[in-house]
Structures are given as C-alpha cells and as structure tokens.
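Mapped onto this note's numbering, the consecutive letters of the sequence shown carry residue numbers 103 to 388.
Positions of the beta carbon are idealized from the N, C-alpha and C atoms, including for glycine.
The structure displayed is predicted, hence computed values, not measured ones.
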Amino acid sequence: MPLETLTTIPELRERLLPARRAGKSVGLVPTMGYLHRGHAALVDRARADNDVVVTSVFVNPLQFGPNEDFARYPRDLDADRRLLAAHGADIVFAPSVEEMYPRPIVTHVEVESLSGRMEGERRPGHFRGVATVVGKLFNIAQPDRAYFGEKDYQQLQVIRRMVADLSFPLEIVGVPTVRDVDGVALSSRNVYLSPAERAAAPVLGRSLAAAADAIAAGAVDPRDIEAAIRGVLAAEPLAEPDLVAVAAADTLEPVDPKAPPPAIALMIAVRIGHTRLIDQRVVAVP
Ligand code: PAF
C-alpha cells in the first residue's frame with residue numbers, strides 16, 4: 103500500500119478507526135522529521151511488530167528553549183516520505199503547529215524529578231514539552247506500541263514513567279542507537295557540522311568507550327567514571343562538554359558506589375562548534 107500523508111487529527115483518527123475495529127495493531131513512531139537510518143530502524147521495528155505503522159513528523163515548539171534551534175531545525179517532508187515509503191510505513195502524520203496547538207496550550211505533562219535532572223537541568227522545560235506532545239500523540243493515534251531511540255536515553259525513561267504513572271494503554275519499545283561507521287550516533291543535527299567538526303564528533307563515542315572500560319575494570323564511583331569521559335573529551339579541542347551524567351540505568355538515580363546498580367547509564371551532551379550533540383551508553387556493572 104502506498105504511504106498516506108495526513109495532516110489533521112480527525113483524518114488520522116478516521117483512518118485508524120476501521121483498523122482498530124478489525125483488531126489490527128497500530129505502531130507509532132514519533133519523530134521531528136529529517137529522518138535518517140536511526141529513524142528507519144524504529145520504523146523497521148514497528149513494521150515487524152504491527153499491522154499498521156504510523157510515523158508522526160512534527161517539530162514540536164514546546165520542547166525548544168527560547169535560544170534553541172526551533173526555527174532552523176532541519177525539515178524535508180518529501181525526503182522523509184521517501185524514506186518512510188522505502189521502509190514500509192503506512193501513514194505519515196505531519197500536522198502543522200496550528201493543528202496541534204490551535205490556541206496557547208495551558209495543560210502540560212510534567213514527569214517530576216526525572217525531568218528536572220541532567221539534560222532537564224540544562225534545558226529547562228524540554229522534557230515537559232516532550233512529555234506533553236508525546237502524550238497528545240498517544241491520545242490522537244492510540245497506538246498499541248510506540249518506538250523511541252535509546253540515544254535520547256533520559257527522554258525514553260521520562261516517557262516510560264509517564265506511561266506507567268498515567269496508565270497509557272500501550273507498550274514503549276526502546277531501539278538501540280544507530281551509528282555511522284566511525285561510531286558517531288546518527289542525529290538530524292549532524293547536518294549542522296562542518297567537515298572539521300564532523301571529523302571531531304567520534305570523540306563522544308570514544309569518551310563513552312573509555313568509561314565503559316573503566317567500569318569493566320571495576321570503577322563504580324561516578325566521579326571516576328565521569329573523569330574517564332572528561333579525560334577523552336578534553337583531548338579534542340573542538341569539543342566542549344555541556345553535560346556528563348552517570349546514573350543508575352533503570353531509575354536514573356545517582357550511583358551509590360557502596361551499592362552499585364546492575365547497570366550504569368552514561369549520558370553526555372557535547373558542543374562541537376555551535377552544534378550540541380548527545381550520546382549515551384548503558385554499561386553492565388561486573
Ligand atoms: O525524539 C524526538 O524526536 C522528539 O523528542 C519526539 C519524541 C518526537 C517528541 O517531539
């Protein structure tokens with residue numbers, strides 16, 4: 103079946119109703135567009151698990167701070183449609199900002215404590231914007247499953263917690279980060295990098311590998327693990343660390359070296375030139 107493009111909430115609901123009545127499962131892949139192989143992996147997984155696959159493409163203003171890149175965030179719906187068609191998605195839902203927010207929104211989803219830490223401390227209001235739009239998309243599409251990349255590890259945990267706390271009737275599926283051959287995590291923002299900056303970007307993955315080696319060698323004190331990351335980042339002149347976070351992988355609580363968790367999440371945000379890149383790794387504690 104050819105890919106359908108729908109832009110309004112009633113159209114999407116009407117399109118999904120017969121499928122739902124026929125007992126068919128619906129998988130939702132929420133995105134902000136400018137799709138790459140990382141998104142394709144989410145679509146492939148949704149295609150394997152569900153009868154109907156919906157991908158939303160919506161650059162959500164609520165999750166951008168006043169000095170962030172909402173206006174210049176890359177957009178290319180035609181290219182997105184080609185990728186989605188090639189990966190067998192059924193529907194692309196691409197609403198306008200007016201369709202999603204016809205008047206200033208005054209109702210928000212706040213996943214307390216999880217949203218205020220780490221990336222949330224650097225980007226106040228970001229996770230509130232994410233949780234609000236994702237909750238809204240869940241109400242619009244009413245999927246059986248929704249797919250998110252592990253690269254945005256804190257986002258994934260925020261969404262899992264929202265779904266559990268508010269009893270959304272769906273399963274959240276986390277999909278591993280897709281990387282280029284040199285280890286750089288795929289991101290729509292990689293397009294901002296100059297050739298020299300792109301050449302510097304593998305330092306993020308290398309810094310996480312150094313921390314993983316330290317943990318494998320017995321390090322459990324978050325200060326030592328953080329130092330392993332920062333040591334590698336410091337050797338790259340174009341890299342300016344913005345966030346280096348070490349937390350228990352399942353709860354995102356601080357790591358207590360006296361009672362280490364079974365797995366540790368490493369989360370970093372690094373500015374390379376004007377571009378803020380993020381990466382993550384979950385490492386089992388031996
Ligand atoms: O990860 C993203 O692309 C966005 O944060 C999401 C989940 C689509 C919400 O706008």
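| Query | Result |
| --- | --- |
| At least three beta-carbon pairs within less than 8 Å, the segment 257–269 to the segment 290–299 | no |
| Contact belief for R149 with V155 at Cβ below 8 Å, rounded distance in angstroms | 5 Å |
| Which residues DSSP lists as bridging L130, in chain order | V156 and A248 |
| Reduced DSSP secondary structure (H/G/I, E/B, other) of L379 | strand |
| Contact set for R373: own chain, Cβ-Cβ below 6 Å, skip 5 residues either direction | E342 and D344 |
| Sequence-distant residues of its chain with Cβ nearer than 7 Å to A302 (five each side left out) | E338, L340, A341 and I374 |
| Complete beta strand (DSSP E) runs within the segment 167–241 (minimum length 3 residues, chain order) | 193–195 |
| Counted within 10 angstroms of its Cβ, other Cβ atoms place P125 as buried (16 or more) or exposed | Note on residue identity: the sequence assigns Gly, not Pro, to residue 125. Classification for G125: exposed. |
| Beta-carbon proximity list for A175, same chain, < 6 Å, skipping 5 on both sides | Inspection of the sequence shows that residue 175 is occupied by Tyr rather than by Ala. Within the same chain, Y175 has close Cβ partners V161. |
| Selection from N152, I207 and D146 that minimises the alpha carbon distance to V245 | In the sequence under discussion, the amino acid at residue 245 is Pro, which differs from the Val named in the question. Among N152, I207 and D146, the Cα nearest to that of P245 is on N152. |
| Inter-stretch contact at 8 Å, needing at least 3 Cβ pairs: the segment 272–292 / the segment 180–188 | no |
| Nearest candidate by alpha-carbon position, reference S198, set R122, L108 and E273 | L108 |
| C-alpha distance - G135 paired with A142, whole-angstrom precision | 11 Å |
| Residue range of the unbroken alpha helix (DSSP H) whose run includes E328 | P324 to A336 |
| Endpoints, beta strand (DSSP E) assigned at V277 | E273 to V277 |
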